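Peer 1:
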Amino acid sequence: ISRVEPISVLDYEPLARERMHPAAWAYLCAGAEDEVTLRENRAAFERLRLVPRVLRGVSAPDLRTTVLGTPVEAPVLVAPMGVHGLAHPEGECASARGAGEAGTLMAVSTVSSRSIEEVSACATGPLWFQLYVYRSRGLAERLVRRAERAGCRALVLTADSPRWGRKERFLRVAGSLPPGADAASIDSEVGEEDLAPAALTWEDVAWLRSVSSLPVVLKGVLHPEDAVLAVEHGAAGIVVSNHGGRQLDGAPASIEALPAVVEAVAGASGGRAEVYLDGGVRRGTDVLKALALGARAVFVGRPVLWGLAVGGAEGVRRVLGLLRGELEHAMALCGQASVGGLDPELVSRGAR
Ligand code: FNR
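For the sequence shown, counting from 1, position 112 maps to 126 in the UniProt record's numbering; every step adds exactly one.
(1) Going by the DSSP bridge assignment, what does E246 pair with across the sheet?
(2) If we ignore side chains and look at the alpha-carbon of each, how far apart do Y41 and S199 end up?
(3) Have a look at L243 and I252 and give me their C-alpha separation to the nearest angstrom.
(4) Do A250 and E217 count as a contact pair if the criterion is CB distance below 8 Å?
(5) Mind checking whether the beta-carbon of H257 lies closer than 7 Å to any heavy atom of the ligand FNR?
(6) When you compare only the Cα positions, how much space is there between R151 and V68?
(7) Spell out a yes or no on whether the region 133-149 and the region 102-114 are touching, meaning 3 or more CB-CB pairs, one atom from each, closer than 8 Å.
(8) Flag this pair as yes or no: are the beta carbons of A161 and L169 separated by less than 8 Å?
(9) What is the DSSP secondary structure of A25, reduced to helix, strand or coil?
(10) Quick one: does the C-beta of G152 sit closer than 7 Å to a heavy atom of the ligand FNR?
(11) Per DSSP, E288 is paired with what?
(12) Hey, would you say the C-beta of V295 is under 7 Å away from at least one heavy atom of the ligand MN?
(13) Tell me the DSSP bridge mates of P211?
(14) Relative to the C-alpha of Q144, which residue among L64, Y290, D263, A121 is closest?
(15) If you count every other CB in all the chains shown that lies within 10 Å of the CB of G298, and 16 or more means buried, which is it?
(16) Which first and last residues belong to the beta strand (DSSP E) in which L228 is found?
(17) Could you tell me which of E359, R338, V312, G355 sits nearest to P94, measuring between CA atoms?
(18) Does the distance from the C-beta atom of residue 2 to that of E106 stay below 8 Å?
(19) Leaving out the 5 sequence neighbours to the left and right, which residues in its chain are closer than 6 Å to A282 when beta-carbon positions are compared?
(20) Quick check: is any heavy atom of the ligand FNR less than 7 Å from the C-beta of A108?
(21) For A213, collect the residues of the same chain with a Cβ closer than 7 Å to its Cβ; drop the 5 residues on either side in sequence, then sort them by chain order.
(22) Suppose contacts are defined by Cβ-Cβ distances below 8 Å. Is G259 in contact with A46 by that definition?
(23) Pull up the distance between the alpha-carbon of W39 and that of G179, whole angstroms please.
(24) Does DSSP put R70 in a helix, a strand or coil?
(25) Among V353, A351, L334, S352, which one has its Cα closest to the Cα of I21?
(26) Less than 8 Å between the beta carbons of A280 and L236, yes or no?
(27) Quickly, what does DSSP pair T79 with across the bridge? List them, please.
(28) For T172, write down the residues that DSSP places opposite it in a beta bridge.
(29) Between the C-alpha atoms of L305 and D263, what's the straight-line distance to the nearest angstrom?
(30) Give the secondary structure of W142 by DSSP, where H, G and I count as helix, E and B as strand, and everything else as coil.
(31) Does the beta-carbon of F59, which I'm using as the reference point, lie nearer than 7 Å to any heavy atom of the ligand FNR?
(32) By the DSSP assignment, the beta strand (DSSP E) with A121 in it spans what residues?
(33) Please state if the CB of G364 and the CB of R56 are separated by a distance shorter than 8 Å.
(34) Roughly how many whole angstroms lie between the Cα atoms of D292 and G205?
(35) Go through its chain and collect everything with a Cβ distance to R366's Cβ below 6 Å, but skip five positions before and after it.
(36) Span of the beta strand (DSSP E) holding A311?
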């Protein structure tokens, strides 16, 4: 183990690997099938160029923003991920503290290893609740009630998972997950067969809005026409996401899908939805590219679990702090004073 403090988010990856069970590690890393989309999430960011503006007198860029009205110190949020207990015994309790200390919000997964009530009791910052709807609608409704009571401020409905992606990298090394992978919020009223994913429709978005007054964010949208439908069905936010390359292999990189979704949402009648992005965000410059192309904020997935495995809540805070620091630095170098209203011209596809 290096004694040198990690100086970038990617430095956490090998350190986390040393600390995690090989099956848990394979599960965390895995993309679906050949992992084309997983690689493309990174490659597509690397193909984009930032074209800086100069002599604008920017010394201290302002990173603060709001997401659905909730203030955050920087537009870098924690993506919903299942079973943080695979990375650290304190699981989501530690990550929620790390996120809060970094001044940002965390989306708690339906399949968290600590119950939504426990996470909320530990949290030092705002929480959203990510909902997987299984065959048992009763379970979904009970989870929504509990998320509301626990103080979650939005419901993130994951739309890209009518069945689970085949994570072959994981299946090759293990048939099942090691200890730490229990889904603590799933109550005992449901049987195994109730936990198959439901084949959701747009009516289910209306259903979710009818059972809760919390804003609904639709996660896993890549097609601009789906973005329009999301707005028409009352989504308050949209996460442009391919689930970190874990669902449909061959789906486009999320940063490539973003501009068309942003345009569609802007053109949708009465469209006020906020657009977020996740997938492959590892550098402050990635965040800046996404913001310039119209995202209000980004979600970060795997790096949060790397930080959690290496240093618990403090590791999560540091990973988020590194991204925040890099974003601030990149904005200064690009002559950008604040994260609102960045010009898409800041990003160029570069020479082909
Ligand atoms: C996920 N993701 C996910 N998404 C979701 O809606 N509910 C969930 O329970 C999970 N669980 C989960 C577990 C693990 C181990 C990973 C890596 C991912 C997807 C996640 O929210 C997000 O879309 C991606 O992780 C973003 O990509 P990066 O940042 O990991 O590249």
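Glycine included, every Cβ here is placed at the ideal spot set by N, Cα and C. Because the structure is a prediction, the values reported are computed rather than measured.
Peer 2: Let's see:
(1) None, per the DSSP bridge assignment.
(2) A direct Cα-Cα distance of roughly 20 Å separates Y41 from S199.
(3) One C-alpha to the other measures close to 11 Å.
(4) Not a contact, by the Cβ cut-off of 8 Å.
(5) Yes; taking the cut-off as 7 Å, the Cβ of H257 has a heavy atom of the ligand FNR nearer than that.
(6) Across the structure, R151 and V68 are spaced so that their CA atoms are roughly 55 Å apart.
(7) The region 133-149 vs the region 102-114: in contact.
(8) A contact, by the Cβ cut-off of 8 Å.
(9) Strictly speaking, residue 25 in this sequence is Asp, with Ala absent from that position. Collapsing the DSSP output to three states places D25 in a helix.
(10) Taking the Cβ of G152 as the reference point, every heavy atom of the ligand FNR lies at 7 Å or farther away.
(11) Beta-bridge partners assigned by DSSP to E288: G251.
(12) The ligand MN is absent from the structure shown, which contains only the ligand FNR.
(13) Partner(s): Y148.
(14) Nearest option by C-alpha distance: A121.
(15) Result: buried.
(16) Unbroken run through L228: none, as it is neither H nor E.
(17) Comparing Cα positions, the closest option is V312.
(18) Because the chain spans 15 through 366 in this model, residue 2 falls outside it and cannot be assessed.
(19) Within the same chain, and ignoring the five residues on either side of A282 in sequence, the residues whose Cβ sits closer than 6 Å to its Cβ are V242, V245.
(20) Checking the Cβ of A108 against the ligand FNR gives no.
(21) P176.
(22) Judged by their CB atoms, G259 and A46 are nearer to each other than the 8 Å cut-off.
(23) Taking the Cα positions, W39 is about 17 Å away from G179.
(24) DSSP, read as helix, strand or coil, puts R70 in coil.
(25) For the residues V353, A351, L334, S352, the minimum Cα distance to I21 belongs to L334.
(26) Not a contact, by the Cβ cut-off of 8 Å.
(27) DSSP lists V86 as partners of T79.
(28) Paired residue(s): K233.
(29) So the two alpha carbons sit approximately 25 Å from each other.
(30) The three-state reading of DSSP puts W142 in strand, counting E and B together.
(31) In terms of side-chain proximity, the C-beta atom of F59 is found no nearer than 7 Å to any non-hydrogen atom of the ligand FNR.
(32) Element bounds for A121: 120-122.
(33) G364 sits away from R56, with the two beta carbons spaced by 8 Å or more.
(34) Rounded to the nearest angstrom, the two C-alpha atoms are 32 Å apart.
(35) Since pLDDT at R366 reaches only 48, below the 50 mark, its modelled position is unreliable, and no value is offered.
(36) Looking at the DSSP string, the run of the beta strand (DSSP E) that includes A311 is 311-314.
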